[in-house]
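**Student:** Residue numbers (our numbering), protein chains in the order written: chain H, 1 to 345; chain C, 346 to 954. Just so you know, even glycine gets a beta-carbon here, dropped at the ideal spot from N, CA and C. Just so we're clear, the structure is a prediction, and the values are computed from it rather than from any experiment.
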Amino acid sequence: MSEVLNKIESIKLTAKDFTSDQDVRWCPGCGDYAILAVVQRTLPEFGIPRENFVFVSGIGCSSRFPYYMNTYGMHTIHGRATAFASGVKGANPDLSVWIITGDGDALSIGGNHFIHIIRRNFDVNIILFNNEIYGLTKGQYSPTSEVGKVTKSSPYGSIDTPFKPTSVALGAEAGFVAIGIDRDTKHLQEMIRRAHKHKGTSFLEVYQNCVIFNDGTFSALTEKDTKQDSVLYLEHGKPLVYGKENDKGIIMDGLTPKIVNLADGTYSINDLAVHDEHAKDPTWAHILSRMNRSSDYPQPLGVFRDVERPTYEKGLVNQIELAKGKRGKGNLESLFNEGDVWENN
Amino acid sequence: MEKEVQVLEDVTIRFAGDSGDGMQLTGTQFTNVSAMMGNDLATLPDFPAEIRAPIGTLYGVSGFQVHIGSGKIHTPGDHSDVLVAMNPAALKVNLRELDTNGIIIANEDQFTEKNLKYAGYEVSPLEDNSLVKYRVFKIRITHLTGLALEDLKLPNKTVDRCKNFFALGLIFWLFSRDSEPTIAWIKDKFKKTPELVEANIRALKAGFNYGVITEAFQSKYEISSAQLPKGKYRNITGNTAMAIGLVTAVQKAGLELFLGSYPITPASDILHDLSKLKNFGIKTFQAEDEIAAIASAIGASFAGDLGMTTTSGPGVSLKGEAIGYAVMTELPLVIVNIQRGGPSTGLPTKTEQSDLNQAIYGRHGEAPLPVIAPATPSDCFIMAFEACRLAIKYMTPVIILSDGYLANGSEPWKIPSPSDFPEIKVEFLTEKNGKLPYSRNEFNARPWIKPGTPNLEHRIGGIEKANVSGNISYDPENHHNMVYLRKAKIENIANDIVPAELFGNETGDVLVVGWGSTYGAIRKAVELQQSAGKKVSHLHIRHLYPMAKNVESLLKGFKKVLVPEMNTGQLASLLRSDFLVPTIQLNKVYGQPFKASEITKKIDEVLRG
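1) Below 8 Å between beta carbons: does that hold for HIS286 (chain H) and LEU188 (chain H)?
2) How do the region 855–874 of chain C and the region 907–926 of chain C stand: do at least 3 beta-carbon pairs fall below 8 Å, yes or no?
3) Out of C:SER613, C:MET587 and C:PHE520, point me to the one whose CA is closest to SER570 (chain C)'s CA.
4) Exposed or buried, what is GLN572 (chain C) when buried is set at 16 or more other beta-carbons lying within 10 Å of its beta-carbon?
5) Can you tell me where the alpha helix (DSSP H) with ILE117 (chain H) in it begins and where it stops?
6) Please list the segments of the beta strand (DSSP E) lying wholly inside the region 59–94 of chain H, counting only runs of 3 or more residues, in order along the chain.
7) Within its chain, find whatever has a CB closer than 8 Å to the CB of MET1 (chain H); leave out the 5 residues flanking it on each side and keep chain order.
8) Cα separation between LEU515 (chain C) and LYS508 (chain C)?
9) Is there a Cβ from chain H that is less than 8 Å from the Cβ of ASN816 (chain C)?
10) Nearer than 7 Å: is that true of the beta carbon of ARG80 (chain H) relative to any heavy atom of the ligand NAD?
11) Hey, could you find the ends of the alpha helix (DSSP H) MET653 (chain C) is sitting in?
12) Is the shortest distance between the beta-carbon of GLY157 (chain H) and the beta-carbons of chain C less than 8 Å?
13) Do ALA718 (chain C) and GLY861 (chain C) have their C-beta atoms closer together than 8 Å?
14) Got a sec: is the Cβ-Cβ distance from LYS770 (chain C) to anything in chain H below 8 Å?
15) I need the straight-line Cα distance from GLY954 (chain C) to ASN753 (chain C), nearest angstrom please.
16) Taking only beta-carbon atoms, is ASN700 (chain C) less than 8 Å away from chain H?
17) Helix, strand or coil, according to DSSP, for GLN631 (chain C) in the structure here?
18) For MET1 (chain H), decide whether its Cβ has a neighbour in chain C, counting only Cβ atoms nearer than 8 Å.
19) Measure how close the beta-carbons of ASP94 (chain H) and ASN52 (chain H) come, nearest whole angstrom, since I'm counting them as under 8 Å.
20) By the 7 Å beta-carbon criterion, what residues does the region 315–329 of chain H contribute toward chain C?
21) Taking 8 Å as the CB-CB limit, is LEU332 (chain H) close to chain C?
22) Quick one, which residues of the region 625–636 of chain C are near chain H if we go by CB-CB under 8 Å, in chain order?
23) What separation, rounded to the nearest whole angstrom, lies between the Cα atoms of VAL303 (chain H) and ASN912 (chain C)?
24) When we look at the beta-carbon of GLN351 (chain C) and count the other beta-carbons within 10 Å, is it buried (16 or more) or exposed?
25) Tell me whether the beta-carbon of PRO298 (chain H) lies closer than 8 Å to the beta-carbon of TYR207 (chain H).
26) Bridge partners for HIS412 (chain C) per DSSP, in chain order?
27) What residues in the region 639–651 of chain C bring their beta carbon closer than 7 Å to a beta carbon of chain H?
28) If you check the beta carbons only, do SER415 (chain C) and ASN384 (chain C) fall under 8 Å apart?
29) Using DSSP bridges, identify the partner residues of ASN130 (chain H).
30) Within a Cβ cutoff of 8 Å, which residues of the same chain sit near GLY902 (chain C), ignoring the five residues on either side of it in sequence?
31) Exposed or buried, what is PHE773 (chain C) when buried is set at 16 or more other beta-carbons lying within 10 Å of its beta-carbon?
32) Please report the straight-line C-alpha distance between GLU649 (chain C) and ASN840 (chain C), rounded to a whole angstrom.
33) Alpha carbon to alpha carbon, how far is GLU205 (chain H) from GLY26 (chain H)? Give it in angstroms, no decimals.
34) Would you say THR721 (chain C) reaches chain H, if we count a Cβ-Cβ gap shorter than 8 Å as a contact?
35) Measure the beta-carbon distance from GLN22 (chain H) to ASN816 (chain C) and round it to whole angstroms, keeping in mind my assumption that it falls under 8 Å.
36) Since ASN61 (chain H) contacts VAL211 (chain H) with CB under 8 Å, what's their CB separation in whole angstroms?
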């Protein structure tokens, strides 16, 4: 143990240590740059040797991410990063595994693996770059694009109903769900820390601006004049309050959140719903996940849910240990001779 | 009454009934007891895809054929000598495979008007003299089982489910089998429900005693034990042999096994077997689908385990992209395809060898990988080991092509000693020593570098790699070179595999070339031809890609080359295109293995020219 501690002690890594020698090939102005920089800046805080990080991605603009990290990395096939990562973590639970994916990669072609890794609860971190568009294939609507969106493959407007990644994750029994945004890097950094800290599958959705095919889709959440009235920062134990003058809040009307004005004297801050990220029942987190800018609600940013349960890899290791204890360490001689054996003389 | 005892060299028995009648179990018990009594044998389970098809129907018939003998047994028998028919449908479906003068043991109680109608009989075949060519024994098996269990006061349904043991007991008597191993098995199997132990043992004994006392049977039979080489034996199915082979290889390599798998007929038993062996440190991961199964296995190989995935044809179709990824990233991986009738869902419980083209060519881009195929159930053990050896040494995915017949069929396995197998050398790169992720050793293999190794951090992926560095590269010349490097790596494996073994003379009139599960039928046919003085030899190809270097010269030593396959000619056309050798085809896609007689007949035809 002390050896490990000494090792950690001696590691004083910086963002530079996590930067690979490869040229970054995203479009100028892409939101991905900011996310990359935050990740590179945050990893040194964790005290984990660099060689123990593995970044696994699928296909799409965001999935080029591992090439730019000076860690172990796997740029896999479309939609399957979560499945590859399950094998990496299952084979070696000591690794710190990070999955980088996008809205098309995780939710369309990879929807199946996305829900199942969350259900199993491998201790990995999923960062989903959601730009609500297909970038690498040059501008088709994605499963998170709004109805009516005009794109190259929907010239008359998309007729697909989008889904909300956080709602999907919660439906798949996610223990950790959070949303950050590329333009608020300080908040994003905190979300990355929290995702890392959570034992189990951490799902972090990051709103990310595609400058080429969907520019400005999140501008209400990032521009100075609209931001404060559009974003609700979630903090555990704190009332749901937002607005330029902290003059708006959310109360619960049964199971329906309702926006109230705190300025006219009808409601006070004490009437507002209070955020509980540790609520065992996922209903509260789910209610929050339904609130977003496509409705009239403000967009919650922050940790929606942080509740731990046993991880898959721990279960896997425990079963092996249990079997070894019960049946003794595997022995080929006895395996060969199992069942009805006879001798020919 | 003392009965006459006749000694037989071999006998083929087919147990047939409804899919809920326990015929697979009955057949397996007869097989195991015969194996323990020293007979050589081969089996052919033949069951419908439906778990419990409607009772009495033709498509619900489940059969189990076993061929035992005192000489070398290569096949489960072209025809059966004995048919146990638990109902009219079982009789109807299996009668055409019964030899003239063969024995029919029919459960008379089930020849009811309703069941006869289901089977399409207007009049009971037991009553209308249509079976005069056979020796028919009508026995009220259900009724007699009920009598034997009467005082146990069990529900009718339970009593009914014991009738297969009555039938088994009778067959045990008829063929002078020892009941003790089956009694021991019943005691263990039903140990939690003592009343079932009692009921099944009583039914078994009642069947046996029925044989002793009834006057219907004038004689009983004995089959001497076979002259198998000295040693310890067990009866083994292809799927179990495969599982044990995979475990042996990882143990010999000092690696851990990660199996990513999705249940599919007829491969699931390998997942079941390996799941039980957690005490070997085996990690089994039942994935959400076929793609996740292979993806997790590749992820595990990247992390330093030996990743594997077990499936059948439809699963391989889904895994194609990921297999290509493993080719590109040059990671070790074992893909087991237990072939079944295709295309699409095809015939899930029936056998076929129609995935050879898929294994060799079934990926986009130039994606070569080794393809190997076991020839018999116990050979699955050897080829599983071989697949792991090649995957590790050459840093490549390897496909093993087994099939439903090998998977579920069984034969006596001479149990080896673990020390008979060499260690498989694994070298993880731990120090840079001037090496890069796509440097190559003398075998053209790149280094295997585990995450967690300091200073060797690197990224792999599906985008074309720059030679040596492994960084992404779109350079045209580099892509061309890499395509050829990957191809050369796999082709070079031809220098590292056992030469193809020829049975018979190196020159002659006809060479019968096979692969996979046709081995037994071909071997028997060729033996017959040779003993008739014909210049016929047998070549069985176990390494299909790349092939052993002596294959070409062997092919060219014969006037004619005959290729029997359970497909429309996939190996035949491969041989034609690779070696410019004319091939004569014998093809059968019935979902059933070849009969030796079908091959013999074709050889005669070819010899006649």
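**Tutor:** Put simply:
1) Taking the first sequence and counting its residues from 1, one reaches residue 286 (chain H) at position 286. Taking the first sequence and counting its residues from 1, one reaches residue 188 (chain H) at position 188. The beta carbons of HIS286 (chain H) and LEU188 (chain H) sit no closer together than 8 Å.
2) Touching, per the Cβ criterion.
3) Within the second sequence, numbered from 1, the residue matching residue 570 (chain C) stands at position 225. Comparing Cα-Cα distances from SER570 (chain C) to each of C:SER613, C:MET587 and C:PHE520, the minimum goes to C:PHE520.
4) Counted from its first residue, the second sequence places residue 572 (chain C) at position 227. Exposed, because fewer than 16 other Cβ atoms sit within 10 Å of the Cβ of GLN572 (chain C).
5) Indexing the first sequence from 1 puts residue 117 (chain H) at position 117. Going by DSSP, ILE117 (chain H) is part of the alpha helix (DSSP H) stretching over 111–120.
6) 72–75
7) In the first sequence, counting from the first residue as 1, residue 1 (chain H) sits at position 1. Unreliable positioning characterises MET1 (chain H) in this predicted model, as indicated by a pLDDT of 45, which lies under 50. A coordinate reading is not provided.
8) Translated into the one-based positions of the second sequence, residue 515 (chain C) becomes position 170. Translated into the one-based positions of the second sequence, residue 508 (chain C) becomes position 163. Going by C-alpha positions, LEU515 (chain C) is about 11 Å away from LYS508 (chain C).
9) For the purposes of this step, residue 816 (chain C) is taken as residue 471 along the second sequence, with counting starting at 1. Yes, contact with chain H.
10) This structure simply doesn't include the ligand NAD, nor any ligand for that matter.
11) Indexing the second sequence from 1 puts residue 653 (chain C) at position 308. Premise fails: MET653 (chain C) lies in the beta strand (DSSP E), 651–656, not in any alpha helix (DSSP H).
12) Looking up residue 157 (chain H) in the first sequence gives position 157. Not one chain C Cβ lies under 8 Å of GLY157 (chain H).
13) As a working mapping, residue 718 (chain C) is identified with position 373 in the second sequence. As a working mapping, residue 861 (chain C) is identified with position 516 in the second sequence. For ALA718 (chain C) and GLY861 (chain C), yes; Cβs fall inside 8 Å.
14) Here residue 770 (chain C) corresponds to residue number 425 of the second sequence, with the count starting at 1. Chain H, which has no Cβ nearer than 8 Å to the Cβ of LYS770 (chain C), makes this no.
15) For the purposes of this step, residue 954 (chain C) is taken as residue 609 along the second sequence, with counting starting at 1. For the purposes of this step, residue 753 (chain C) is taken as residue 408 along the second sequence, with counting starting at 1. Cα-Cα distance, rounded: 37 Å.
16) By one-based count along the second sequence, residue 700 (chain C) stands at place 355. In the sequence as presented, Asn is not what sits at residue 700 (chain C); that position holds Asp. Judged by the 8 Å Cβ criterion, ASP700 (chain C) is not in contact with chain H.
17) Here residue 631 (chain C) corresponds to residue number 286 of the second sequence, with the count starting at 1. It is a strand residue.
18) The residue labelled residue 1 (chain H) in the question sits at position 1 within the first sequence. Model confidence at MET1 (chain H) stands at a pLDDT of 45, short of 50, so the residue's coordinates are unreliable; what they give is reported in the following sentence. Not one chain C Cβ lies under 8 Å of MET1 (chain H).
19) Counting from 1 along the first sequence, the entry for residue 94 (chain H) is found at position 94. Counting from 1 along the first sequence, the entry for residue 52 (chain H) is found at position 52. Between ASN52 (chain H) and ASP94 (chain H) the Cβ distance is about 7 Å, and since that is below 8 Å, they are a contact.
20) LEU316, GLN319, ILE320, ALA323, LYS324, ARG327, GLY328 and LYS329
21) For this step, residue 332 (chain H) is matched to residue 332 along the first sequence. Yes - at least one Cβ of chain C is within 8 Å of the one on LEU332 (chain H).
22) The residues in question are PHE625, GLY626, ILE627, LYS628, PHE630, ALA632, GLU633, ASP634 and ILE636.
23) For this step, residue 303 (chain H) is matched to residue 303 along the first sequence. For this step, residue 912 (chain C) is matched to residue 567 along the second sequence. Straight-line Cα distance between these residues: approximately 57 Å.
24) As a first step, residue 351 (chain C) is located in the second sequence; it is residue number 6 there, counting from the start. The residue in question, GLN351 (chain C), is exposed, as its Cβ has fewer than 16 Cβ neighbours within 10 Å.
25) Working through the first sequence from its first residue, we reach residue 298 (chain H) at position 298. Working through the first sequence from its first residue, we reach residue 207 (chain H) at position 207. Not a contact, by the Cβ cut-off of 8 Å.
26) By 1-based counting over the second sequence, the position of residue 412 (chain C) is 67. Looking at the DSSP assignment, HIS412 (chain C) forms a beta bridge with C:THR357 and C:ALA387.
27) ALA640, SER641, ALA642, ILE643, GLY644, ALA645, PHE647, ALA648, GLY649 and ASP650
28) On the second sequence, residue 415 (chain C) is found 70 positions in, with the first residue counted as 1. On the second sequence, residue 384 (chain C) is found 39 positions in, with the first residue counted as 1. The beta carbons of SER415 (chain C) and ASN384 (chain C) sit closer together than 8 Å.
29) Looking up residue 130 (chain H) in the first sequence gives position 130. Beta-bridge pairing links ASN130 (chain H) to H:TYR207.
30) Position 557 of the second sequence, counted from the first residue, corresponds to residue 902 (chain C). So the list reads GLU851, THR852, GLY853 and LEU856, once near-sequence residues are dropped.
31) For the purposes of this step, residue 773 (chain C) is taken as residue 428 along the second sequence, with counting starting at 1. Exposed, since its Cβ has fewer than 16 Cβ neighbours within 10 Å.
32) One-based indexing of the second sequence puts residue 649 (chain C) at position 304. One-based indexing of the second sequence puts residue 840 (chain C) at position 495. Rather than Glu, the amino acid found at residue 649 (chain C) in this sequence is Gly. Near 27 Å, if we compare the C-alpha coordinates of ASN840 (chain C) and GLY649 (chain C).
33) For the purposes of this step, residue 26 (chain H) is taken as the residue at position 26 of the first sequence. For the purposes of this step, residue 205 (chain H) is taken as the residue at position 205 of the first sequence. Note that residue 26 (chain H) is Trp in the sequence shown here, rather than Gly. In a straight line, the C-alpha of TRP26 (chain H) is about 19 Å away from that of GLU205 (chain H).
34) Locating residue 721 (chain C) in the second sequence gives position 376, where the first residue counts as 1. Contacts with chain H at 8 Å (Cβ-Cβ) do not include THR721 (chain C).
35) Here the question's residue 22 (chain H) lines up with position 22 in the first sequence. Here the question's residue 816 (chain C) lines up with position 471 in the second sequence. Approximately 7 Å separates the beta-carbon atoms of GLN22 (chain H) and ASN816 (chain C); this is inside 8 Å, confirming the contact.
36) Along the first sequence, read from residue 1 onward, the residue named residue 61 (chain H) stands at position 61. Along the first sequence, read from residue 1 onward, the residue named residue 211 (chain H) stands at position 211. One point to set straight first is that residue 61 (chain H) is Cys, not Asn, in the sequence displayed. Between VAL211 (chain H) and CYS61 (chain H) the Cβ distance is about 11 Å, and since that is not below 8 Å, they are no contact.
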